[in-house]
Amino acid sequence: MTVEYSIEYVNSVLEVRVSGTPDRASITEMWKDIIAACDANSCHTILGISNIERPMKLADAIDHQAIFLEAGVTIDHRIAWAQLNPAAVEMNRLAETVLLNRGMVNGRIFTDEFEARRWLAGRK
Numbered sequence: 000m001t002v003e004y005s006i007e008y009v010n011s012v013l014e015v016r017v018s019g020t021p022d023r024a025s026i027t028e029m030w031k032d033i034i035a036a037c038d039a040n041s042c043h044t045i046l047g048i049s050n051i052e053r054p055m056k057l058a059d060a061i062d063h064q065a066i067f068l069e070a071g072v073t074i075d076h077r078i079a080w081a082q083l084n085p086a087a088v089e090m091n092r093l094a095e096t097v098l099l100n101r102g103m104v105n106g107r108i109f110t111d112e113f114e115a116r117r118w119l120a121g122r123k
């Protein structure tokens, strides 16, 4: 199984809802679709709400640099990603760390959708 997702443009934010089981191919395809939707809507603000069935593989978390480059994600995209499955948060945080350390993302991982929305809105 792969990740399943929906992408919707709502109030100047691209909202992505994700479920399923992640693998590199489906993660890459999802990010390509997200960036295409950003381009179509002239929007760089992304809210991800993920409740995947299991954590992504360690190699996929570390490889997010290549995934983001291939998909066209840039530092201009502001990304708040809420991972609702507690078991999957650690791998998401690892991917976040890899991307932040390489200066490739303006984003954060959250465990709560409302905190993610507040961060995107610039409120603490």
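Quick note, the sequence shown lines up with residues 0 to 123 if you use numbering that gives the first Met the number 0.
Each residue gets a CB set at the ideal place from its N, CA and C atoms; glycine is no exception.
- How about Ile6 and Asp32: are their beta carbons less than 8 Å apart? Yes, these two residues count as a Cβ contact at 8 Å.
- Cβ neighbours of Glu95 in the same chain (closer than 6 Å, five flanking residues each side left out): Closer than 6 Å at Cβ, skipping near neighbours: Ile108.
- When the Cα atoms are used, what is the spatial distance from Ser41 to Met90? Each residue's alpha carbon lies about 30 Å from the other.
- Just the C-alpha distance for Gln82 and Leu46, rounded to the nearest angstrom, thanks. In this structure, the alpha-carbon of Gln82 lies about 11 Å from that of Leu46.
- Would you check if the distance between the CB atom of Arg77 and the CB atom of Thr110 is smaller than 8 Å? No, these two residues do not count as a Cβ contact at 8 Å.
- Message: For Trp30 and Val72, which I take to be in contact (beta-carbon distance under 8 Å), what is that distance rounded to the nearest angstrom?
- Response: Contact check for Trp30 and Val72: beta-carbon distance about 6 Å, within the 8 Å limit, so the pair qualifies.
- Given a threshold of 16 other Cβ atoms within 10 Å of its Cβ, counted over all protein chains shown, does Pro85 qualify as buried or as exposed? By the neighbour-count rule (16 or more Cβ atoms within 10 Å), Pro85 is not buried but exposed.
- Message: Please report the distance separating the alpha-carbon of Val9 from that of Cys37.
- Response: Using only the alpha carbons, I get a separation of about 12 Å.
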